[in-house]
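Report on the following structure.
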Amino acid sequence: MIDHEDVAALLGTEGPFARELPNFAPRAAQQAMARAVQHAIAERETLIAEAGTGTGKTFAYLVPALLSGERVIVSTGTKALQDQLFFRDLPRVRSVLDARLKTALLKGRSNYLCLYRLDQTVREGASFDRTQASQLAAIRAWSARTRRGDRMELAEVPEESPLWPRVTSTPENCLGVECPFYDDCHVIKARREAQEADLVVVNHHLLFADMALKQEGFGEILPGASAFILDEAHQIPELAGQFFSQSISARQISELAQDSLAECNGVTGAIGLVLEPAEAVQDAVRKLRLAMDVLPERGPFHALEAQRPMVEALHELREVLADFTDVLSSQAERSRGFAHAHERAALLSERLDRIAEREGERDVRWFELYPRGFALHATPLDLAAPLRAMREHTQAAWIYTSATLSVAASFDHFARQLGLDDPQTLQAESPFDYAKQALCYLPPALPDPSARDYTDRVIEAVLPVLHASHGRAFLLFTSHRALRRAAELLHQRVPWPLFVQGSAPRHQLLEEFRASGHGVLLGAASFWEGVDVAGEALSVVVIDKLPFAAPDDPVLQARLEALEQAGINPFMGWQVPSAVIALKQGAGRLIRDVHDRGVLVLCDPRLTTKGYGRLFLASLPGMPRTRELAEVQAFFDGEIKETA
203 MIDHEDVAAL LGTEGPFARE LPNFAPRAAQ QAMARAVQHA IAERETLIAE AGTGTGKTFA
263 YLVPALLSGE RVIVSTGTKA LQDQLFFRDL PRVRSVLDAR LKTALLKGRS NYLCLYRLDQ
323 TVREGASFDR TQASQLAAIR AWSARTRRGD RMELAEVPEE SPLWPRVTST PENCLGVECP
383 FYDDCHVIKA RREAQEADLV VVNHHLLFAD MALKQEGFGE ILPGASAFIL DEAHQIPELA
443 GQFFSQSISA RQISELAQDS LAECNGVTGA IGLVLEPAEA VQDAVRKLRL AMDVLPERGP
503 FHALEAQRPM VEALHELREV LADFTDVLSS QAERSRGFAH AHERAALLSE RLDRIAEREG
563 ERDVRWFELY PRGFALHATP LDLAAPLRAM REHTQAAWIY TSATLSVAAS FDHFARQLGL
623 DDPQTLQAES PFDYAKQALC YLPPALPDPS ARDYTDRVIE AVLPVLHASH GRAFLLFTSH
683 RALRRAAELL HQRVPWPLFV QGSAPRHQLL EEFRASGHGV LLGAASFWEG VDVAGEALSV
743 VVIDKLPFAA PDDPVLQARL EALEQAGINP FMGWQVPSAV IALKQGAGRL IRDVHDRGVL
803 VLCDPRLTTK GYGRLFLASL PGMPRTRELA EVQAFFDGEI KETA
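Here my numbering = 1-based position in the sequence shown + 202.
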């Protein structure tokens, strides 16, 4: 009889998982991680656990979480991973452990059907095209049978359909307890279930939105837990920056004006008061956007403040938004819609003033431009302080796990970003035999990545590899420009199906790539992580350049300057470690299973010509490396050679 106290034994050769789950392979690394997680929960400690691909980290944290007797929040990187965790992994572990406790899945409100906004959209009878009319009919039929109201259930209406924003709510337009559909609200039901559950599965966006709300003194969605387990934790530093920022966008202001005008329909005489100031707000938004046309896509706030037309346009927007707030205040008691619009206007006006006037050294103020809009932000320069305060407030265990948290076996960079002082750490090695399953090819004679013809030269170097592997490749790029150029070059030159990011939704591209058997997929940004293609469909991963963050990021620029002032080399202390973790994510697409074999092609010559290149190579799994194309061809011919 195995003691339930011994989580490692439960996952061992004599344990129930080995007995009851087909294809379950006991792994020492998984057992070590389960013990570390169990200890962290019991002692309310902070743990950083890097678990190499194939370790089985999900079971390694779910088993101790379910057996802890504590309330646990598990957060992961994306909604797709959240669903996989809740609907696939969690039921398996619960079944094997016979764990009789309440679990819940909770997402952000935009994922749930809003019955009030659906009713409004149907009543408005807007002139939809045939596709949208069909989608609206499908949503109405689904609304009558769904229990959860989670839009992921309705695959026939694409995630990017313009109908979804019309039938889901935002914090700004939700009527709360005054909504006529409040008793049947899917968001409220999901939150109640989460509040009553022993284990709740959320995503990082929701977790940080809730934590940020808590900082502002609002009620929390996720009541006190004894442990927070953050999977895909390498995403946390960037996400935390978003959620501890103050932001306001042209879209938010324009939607406020539009919703206020729509509210006039049911309130006698309101249009006479609201129309002019609402139009003035929309006009001021347009003027500021037009004035900002001379600016780059993103930049520091002082670039905006350096030009008089923009300063005047920003001042005008602040003035008319404040006036509009006063007008809405006069109508607030006439309808719940106006009361809500007034609250939104007051919040947006206050936020705009705060960003425009904020001169604190602790914040970086910056802007983003879109084709028809803009956003203004104030982001904390140092995230360590708010994150530390957040953890101290919870008095809980915090467990951070991912396949990519260390740089050359050190967790210092990750820990510093999050303000983790002396955390427990664990490096659980992957069970894959990289020495036999993989080969790293560093193509010789490539120019410096800044060369104008660099992408052309990369494709020349990669084509013989693609011929040796008969396609079956991911080509990952650090910029969309390079991706587009590579697609142009390959369209003429490869006999295999080509799948290019942007030509179809991501999930569709991946499904078609898997089904093709010999496809070549070109991706940037989002394809570097969270993509799992096991088996022969993927046998080559090509990375064009080392993934250093964009130098035009104003928040990054300010952070690097602050590091320099603190006596830390910003390149080696921040830029290199961040790029190492991103490279590990991209390289991790290659070997996903004990039976996979493949070649990782790293094109950037700086790996061998610069001293810091050694850090990148030392952080990758221990696979043999070669500069000889013949070695790659021999690998695909089934010959395994010893390479230097």
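Positions of the beta carbon are idealized from the N, C-alpha and C atoms, including for glycine.
Grouping DSSP H, G and I as helix and E and B as strand, with all else coil, what is residue i?
{"i": "Ala253", "result": "strand"}
{"i": "Val735", "result": "coil"}
{"i": "Thr323", "result": "helix"}
{"i": "Arg827", "result": "strand"}
{"i": "Thr657", "result": "helix"}
{"i": "Ala301", "result": "coil"}
{"i": "Ile341", "result": "helix"}
{"i": "Ile390", "result": "helix"}
{"i": "Phe330", "result": "coil"}
{"i": "Phe773", "result": "helix"}
{"i": "Val359", "result": "coil"}
{"i": "Ile793", "result": "coil"}
{"i": "Phe634", "result": "coil"}
{"i": "Ser821", "result": "helix"}
{"i": "Asp352", "result": "strand"}
{"i": "Leu377", "result": "coil"}
{"i": "Val265", "result": "helix"}
{"i": "Thr215", "result": "coil"}
{"i": "Ile842", "result": "For Ile842, the predicted structure reports a pLDDT of 43, less than 50, and the residue's modelled location is therefore unreliable. The matter cannot be settled from this model."}
{"i": "Leu571", "result": "strand"}
{"i": "Leu711", "result": "helix"}
{"i": "Val696", "result": "coil"}
{"i": "Phe383", "result": "coil"}
Per the DSSP calculation, residue i is bridged to which residue(s)?
{"i": "Thr581", "result": "Val566"}
{"i": "Val743", "result": "Phe676 and Leu802"}
{"i": "Ala726", "result": "Phe679"}
{"i": "Ala640", "result": "Gly800"}
{"i": "Leu315", "result": "Thr370"}
{"i": "Thr248", "result": "Trp600"}
{"i": "Gln629", "result": "Glu252"}
{"i": "Ala306", "result": "Val402"}
{"i": "Phe613", "result": "Looking at the DSSP assignment, Phe613 forms no beta bridge with any residue, so it has no partner."}
{"i": "Val274", "result": "Leu401 and Ala429"}
Are the CB atoms of residue j and residue i within a distance shorter than 8 Å?
{"i": "Thr370", "j": "Leu458", "result": "no"}
{"i": "Gln597", "j": "Ala611", "result": "no"}
{"i": "Val722", "j": "Leu700", "result": "yes"}
{"i": "Leu213", "j": "Gln240", "result": "no"}
{"i": "Thr280", "j": "Gly443", "result": "no"}
{"i": "Val324", "j": "Pro266", "result": "no"}
{"i": "Leu191", "j": "Ala653", "result": "One cannot answer for residue 191 here, as it falls past the ends of the chain, which runs 203 to 846."}
{"i": "Phe837", "j": "Leu677", "result": "no"}
{"i": "Gln533", "j": "Val469", "result": "yes"}
{"i": "Ala637", "j": "Met825", "result": "yes"}
{"i": "Ala599", "j": "Glu833", "result": "no"}
{"i": "Leu809", "j": "Gly815", "result": "yes"}
{"i": "Asp658", "j": "Leu691", "result": "yes"}
{"i": "Leu589", "j": "Leu549", "result": "no"}
{"i": "Asp635", "j": "Phe679", "result": "no"}
{"i": "Ile341", "j": "Leu365", "result": "yes"}
Let's test the definition: count the other Cβ atoms within 10 Å of the Cβ of residue i and tell me whether it reaches 16, buried, or not, exposed.
{"i": "Arg221", "result": "exposed"}
{"i": "Ala472", "result": "buried"}
{"i": "Glu358", "result": "exposed"}
{"i": "Val379", "result": "exposed"}
{"i": "Tyr602", "result": "buried"}
{"i": "Trp568", "result": "buried"}
{"i": "Ala234", "result": "buried"}
{"i": "Lys786", "result": "buried"}
{"i": "Ser270", "result": "buried"}
{"i": "Ser336", "result": "exposed"}
{"i": "Tyr847", "result": "Summary: the structure shown does not reach residue 847, with the chain confined to residues 203 through 846, and so no result is reported for it."}
{"i": "Leu492", "result": "exposed"}
{"i": "Phe420", "result": "Low confidence applies to Phe420: its pLDDT is 47, below 50, so where it sits in the model is not reliable enough to give any reading."}
{"i": "Arg695", "result": "exposed"}
{"i": "His709", "result": "exposed"}
{"i": "Ser297", "result": "exposed"}
{"i": "Pro823", "result": "buried"}
{"i": "Lys309", "result": "buried"}
{"i": "Gly737", "result": "exposed"}
Less than 7 Å separating the Cβ of residue i from some heavy atom of the ligand SAM?
{"i": "Ala211", "result": "For the ligand SAM, the structure offers nothing, since it holds no ligand at all."}
Every unbroken alpha helix (DSSP H) within the stretch 489-542, with a cutoff of 4 residues, ordered by chain: With a minimum length of 4 residues, the continuous alpha helix (DSSP H) runs that stay inside the stretch 489-542 are 503-507 and 510-533.
Quick one: complete alpha helix (DSSP H) runs, 4+ long, within the stretch 426-478? Under the rule that a run must span 4 or more residues, the alpha helix (DSSP H) segments found entirely inside the stretch 426-478 read 438-445 and 452-465.
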